[in-house]
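Here is the structure we will look at, set down as structure tokens.
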Amino acid sequence: NGQDSGRSYIAVHFASSDERSHQVGRDINLQCAVQGSIERPYEFTFTKDGRPLENNVEVHPNGLLIIRNAQAGDSGRYRCEVNFPRAPHAGAQESSYDLRVEGSYSSAESSGQGYQYGTA
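For the sequence shown, the UniProt record's numbering gives the first residue as 1, with consecutive numbering after it.
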């Protein structure tokens with residue numbers, strides 16, 4: 001099909017699985033996903049605002065980052081960097097996600113869904 005097989009297409013996407021759940025007190029899942037024809041394994045490195053992650057953040061080998069019991073202080077720019085040990089020529093690829101944790105947990109119930117009707 002005329003494509004140069006010597007080049008590899010790689011894209012790294014860092015996104016939230018549910019934009020609506022960024023409320024104080026909830027768990028927030030951010031997924032760093034690799035698209036392309038690069039052989040596994042992938043090595044993921046995460047930072048927040050250029051610093052190591054806080055203790056309430058879990059990092060899974062598949063690129064999933066879980067912020068437990070999110071607080072306003074967890075807001076910031078999260079960066080996912082991916083290295084490819086079996087394809088060092090590819091270099092590191094990265095993607096960022098700007099997270100804003102909003103409101104209080106109790107107000108989450110009233111956002112977006114019809115809350116309490118039929119009460120007097």
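Here a beta-carbon is modelled for each residue, glycine too, at the ideal position from N, C-alpha and C.
Predicted, not measured: the structure shown is a model, and the values here were computed from it.
- Within the same chain, Cβ atoms closer than 7 Å to the Cβ of A72 are found at V24, V101, the five residues on either side in sequence being excluded.
- Contact fails between the segment 88 to 98 and the segment 49 to 60, because fewer than three Cβ pairs, one in each stretch, are under 8 Å apart.
- The beta carbon of F46 sits closer than 8 Å to those of C32, L53, V57, V59, L65, Y78, R79, C80, E81, all from its chain and outside the five residues before and after it, given in chain order.
- Between the alpha carbons of D27 and Y9 lies a gap of roughly 33 Å.
- As the crow flies, the alpha-carbon of H13 is around 11 Å from that of G36.
- Residue pairing by DSSP places N83 opposite E43 in a beta bridge.
- Residue state for G103 is assigned as coil, using DSSP reduced to three classes.
- Spatial neighbours of G63 in its own chain (CB-CB distance under 8 Å, excluding positions within 5 residues in sequence) are listed in chain order as Q31, C32, A33, V34, Y42, F44, C80, V82.
- Here DSSP, grouped into helix, strand and coil, assigns A15 to strand.
- DSSP places V24 in no beta strand (DSSP E); its state is neither H nor E.
- Beyond the five residues adjoining it in sequence on each side, R86 comes within less than 7 Å, by CB distance, of E39 in the same chain, given in chain order.
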